[in-house]
Structures are given as structure tokens and as C-alpha cells.
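Position 15 of the sequence shown, counted from 1, bears residue number 369 in my numbering, the numbering being contiguous throughout.
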Amino acid sequence: MIITIDGPSGSGKSTVAQKIAQDRGIFYLNTGLLYRAITYLVYEDPTSPLFGRYDDDIELITRDQLDALPTLAYAYSADGATVFVHGQDIVAKCYATPGLDQVASKLSALPVVREFLLDVQRDIAKQHDVIADGRDCGTVVFPDAEHKIFLTASLDVRAQRRMLDAKVQALGLTFEFVRNDLAERDERDENRAIAPLRIPAGATVIDSSDFSIDQTVEMIIKVVS
Ligand code: C5P
Numbered sequence: 355m356i357i358t359i360d361g362p363s364g365s366g367k368s369t370v371a372q373k374i375a376q377d378r379g380i381f382y383l384n385t386g387l388l389y390r391a392i393t394y395l396v397y398e399d400p401t402s403p404l405f406g407r408y409d410d411d412i413e414l415i416t417r418d419q420l421d422a423l424p425t426l427a428y429a430y431s432a433d434g435a436t437v438f439v440h441g442q443d444i445v446a447k448c449y450a451t452p453g454l455d456q457v458a459s460k461l462s463a464l465p466v467v468r469e470f471l472l473d474v475q476r477d478i479a480k481q482h483d484v485i486a487d488g489r490d491c492g493t494v495v496f497p498d499a500e501h502k503i504f505l506t507a508s509l510d511v512r513a514q515r516r517m518l519d520a521k522v523q524a525l526g527l528t529f530e531f532v533r534n535d536l537a538e539r540d541e542r543d544e545n546r547a548i549a550p551l552r553i554p555a556g557a558t559v560i561d562s563s564d565f566s567i568d569q570t571v572e573m574i575i576k577v578v579s
């Protein structure tokens, strides 16, 4: 079984998807984490030929370079989603590296990167029943998924929720900054030429602006039951 949850940045997809994975006893596939992990390996790993060069070289990435990256091993357990590289958990780096989310959003607009990760995502779903969250899970990666959800919330509500995040607080970011950052990523994800963020055909659309996480989870569980 495959359940997909797509939606804009900060709509709560990953929190909700993990709770549903636990409730249903299925595997959680956080596709955004895979895009972040690739970004980390390409630009932040000191052994990468593109280390620290993400401003000017983003268009130059080739399939050969991606194939030469160390293997990303995605795992999911009760503790959450993890990506291991050479046996090391890189999740904290994928979320805590300042600016990595913006670079991930630029990198994810490249066809070569999307094609590379398509197989990775589909291979995971061959091995488990999954709930996958991202931007193109119901449209491109798993168009035949049994259940498709499009989860959204207003930009202000998404920015307010982000402000409660410990990592955002630790960095001392302002509401304006966080709001603009989300808006910029939305713009890029919605308008890229390949696999743009869209409501998948047949998806149930849920606007969680006025709902708690638990209320949203309950609504989705009704849809997938
Ligand atoms: O979901 P998250 O914010 O962690 O994803 C990081 C970035 O990866 C997003 O801004 C988006 O550009 C990209 N992404 C994507 N397709 C997916 C998941 C994430 O393009 N399925």
C-alpha cells in the first residue's frame, strides 16, 4: 500500500505522516530528507568536488557525479527517519546546516537530480507499505498510490508554526525572514519545469490552518481507512 502526502513547505506533512505511519504500522518515507541528503553530499561534504561551490555550479551537476556519491541508506524506525552515509547518521546536518534548505530547493529543480532520486524512492516502496511525503509523491513518484492527500496551510500559519521550531529559535530568525524563506521555496517548488508542486488528480485536499496536528491526523486516517 502507498499513501502520499504532498504540500508546501511547513504544512506539517512530515509530523502528520510520521504519526500516521505509527498508527498504521507502515514505513515512513520522507522524500524531502533525500533531497536534503543529496544536497549535503554534493555541497557540504568536504570530499565532494563541488564542496562549498553551490552558488555558481548548481546547473553543472551531472549524473556521473551523482552516481559517484557515497550510497545514501535511508532507514525508518520508531525514532524517526534517518539517512546513513558510510554508516554515519547525517540527518542533523541535513536540517541544521544554515541555508541548506534553499540550496536543496534549487537542486531539486534539476531533472538529473529528480531522476536519480526517483529510483531510490520507488525501490524503498517496493520493500514496504509506505506513507511518503514531499512535493511530487502523488503526481510523479507514485501516481498509482491508493490514497493521495494534499496538505496545505496559509503562509502565515506555516511561518508561525516554524517559529516554534527549536532550530529556528536557536538561530534567532525573525518571523519576516521565516515567512519570506517559505514563500521563496513555495515559488520555486510550484514553478519549476519538472515535477512542480501540484494537487495530484484524485487527492483529498486538507487545509490545516485551523486544525491541530492531532485533528489533521484524525482527518487523514479517516480518508485512508
Ligand atoms: O520537505 P523538505 O522541506 O525537507 O524538502 C526540502 C526541499 O526538497 C524542498 O524545498 C523541495 O524543493 C525539495 N523536494 C522536492 N520534492 C520532494 C521533496 C522535497 O522537490 N518530493
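Ideal placement from N, C-alpha and C gives every residue a C-beta, glycine not left out. Small disclaimer: the values here were computed from a predicted structure and weren't measured.
query	result
T385 Cβ short of 7 Å to the ligand C5P heavy atom set	yes
Secondary structure of F470, DSSP reduced to three states	helix
Whether R312 touches A463 by CB criterion (8 Å)	Nothing about residue 312 can be read from this structure; the chain reaches only from 355 to 579.
Residues of its chain near V370, where Cβ-Cβ distance is below 6 Å and the 5 sequence neighbours each way are ignored	T570 and V571
For N384, the residue or residues it bridges with in DSSP	D487
Cβ contact (3+ pairs, closer than 8 Å) linking the stretch 357-370 and the stretch 501-519	yes
Continuous alpha helix (DSSP H) stretch holding D540: start and end	F529 to N545
Among G406, E469 and F405, nearest to A549 - alpha-carbon criterion	E469
Residue nearest to G501 in terms of C-alpha spacing, selected from V559, D519, K460 and F531	In the sequence as displayed, the identity of residue 501 is His instead of Gly. Of the listed residues, the one whose Cα sits closest to H501 is V559.
Delimiting residues of the beta strand (DSSP E) encompassing D510	Unbroken run through D510 is the alpha helix (DSSP H), L509 to M517; no beta strand (DSSP E).
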